[in-house]
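Just so you know, the protein sequences line up as chains A and B, in that order. Quick note: the first sequence uses my numbering, first residue 967, plus one each step. Quick note: the second sequence uses my numbering, first residue 20, plus one each step. Glycine included, each C-beta is placed from N, C-alpha and C at the ideal position. Working notes, structure below.
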Amino acid sequence: NAGVTQTPKFQVLKTGQSMTLQCAQDMNHEYMSWYRQDPGMGLRLIHYSVGAGITDQGEVPNGYNVSRSTTEDFPLRLLSAAPSQTSVYFCASSYRDSRGANVLTFGAGSRLTVL
Amino acid sequence: GDSVTQMEGPVTLSEEAFLTINCTYTATGYPSLFWYVQYPGEGLQLLLKATKADDKGSNKGFEATYRKETTSFHLEKGSVQVSDSAVYFCALSDRSGNTGKLIFGQGTTLQVKP
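Structure representation (structure tokens):
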């Protein structure tokens, strides 16, 4: 099993450019989410999805767009990149275990630099 | 809103030392609690979890007990190894589990020296 696959691993953008971070999971998990990781701030939730066709905003959604057309894929789009979006991005998929806990599986991350 | 607070790092220990990383939380209801570990250059991996008060999660020699009375979930290990050097994140999710969301602490870096 590949688990959660993110591409690209590294990307450099210029201010104003747009791009899409890809995320795919092969575990048939209902839930998927995108986080960004910044020094000293832990992981902050950008957007999440509870199933195909359903998405919602997290803590820091501005400047990002998502869609969930299939169970497997959950791309994150940067509409007009800004230096403040320089970060490491993690995609996760999750399921509820028998005790009701969300168990997340993370991708390896995508490091984005905006100049 | 719900939140998680971890002790600041970095924590530097010698091999075979005892480890404690403090984690406290604020939440309505009865959240599930987690510890995730991030090794250099990698994504986060689930280390252990607990879903109700007094539950003890354990894995790879690490333990944490869900203490509702003190709203804490401190991570402990009796004897750390160099290979335990990583960033450790405490996290919570609401018990409904209907969204797949977690709220993370800021992370604590552990450095273990030989």
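Contact of LEU1042 of chain A with chain B is not assigned, every C-beta pair being separated by 8 angstroms or more. Within chain B, GLY62 and LEU63 have C-beta atoms less than 9 angstroms from the C-beta of PHE1056 of chain A, given in sequence order. Counting every other CB atom within 10 Å of its CB across the protein chains shown gives ALA968 of chain A a total below 16, marking it as exposed. Scanning chain A for C-beta atoms nearer than 7 angstroms to the C-beta of GLY97 of chain B yields nothing, as the closest lies near 25 angstroms away.
A contact between stretches requires three or more CB pairs, one per stretch, nearer than 8 angstroms, and the stretch 1050 to 1060 of chain A fails this requirement with the stretch 85 to 95 of chain B.
For PHE92 of chain B, no chain A residue has a Cβ inside 8 angstroms of its Cβ, as the nearest lies near 13 angstroms away. In the same chain as GLU61 of chain B, and ignoring 5 residues on each side of it, no C-beta atom comes closer than 6 angstroms to its own.
At a cut-off of 8 angstroms between C-beta atoms, PHE81 of chain B does not count as an interface residue with respect to chain A. By the neighbour-count criterion, in which a residue is buried when 16 or more other Cβ atoms sit within 10 angstroms of its Cβ, GLY80 of chain B is exposed. Listed along chain A, the residues sitting closer than 9 angstroms to THR70 of chain B by beta-carbon distance are ASP1063, ARG1065, GLY1066 and ALA1067. Under the three-state reduction of DSSP, ASP74 of chain B is assigned to coil, being neither helix nor strand. Listed along chain A are GLY1008, each with a C-beta nearer than 7 angstroms to that of GLY126 of chain B.
Nearest Cα to LYS87 of chain B within the set B:CYS109, B:ALA46 and B:THR118: B:ALA46.
According to DSSP, residue pairing for HIS1013 of chain A in a beta bridge involves A:TRP1000 and A:GLN1023. The Cβ atoms of VAL970 of chain A and GLU996 of chain A lie no closer than 8 angstroms to each other.
A straight-line Cα-Cα distance of about 28 angstroms links PHE37 of chain B and LEU1070 of chain A. In terms of Cα proximity to PRO59 of chain B, the closest of A:LEU1081, A:VAL1080 and A:ALA1074 is A:ALA1074.
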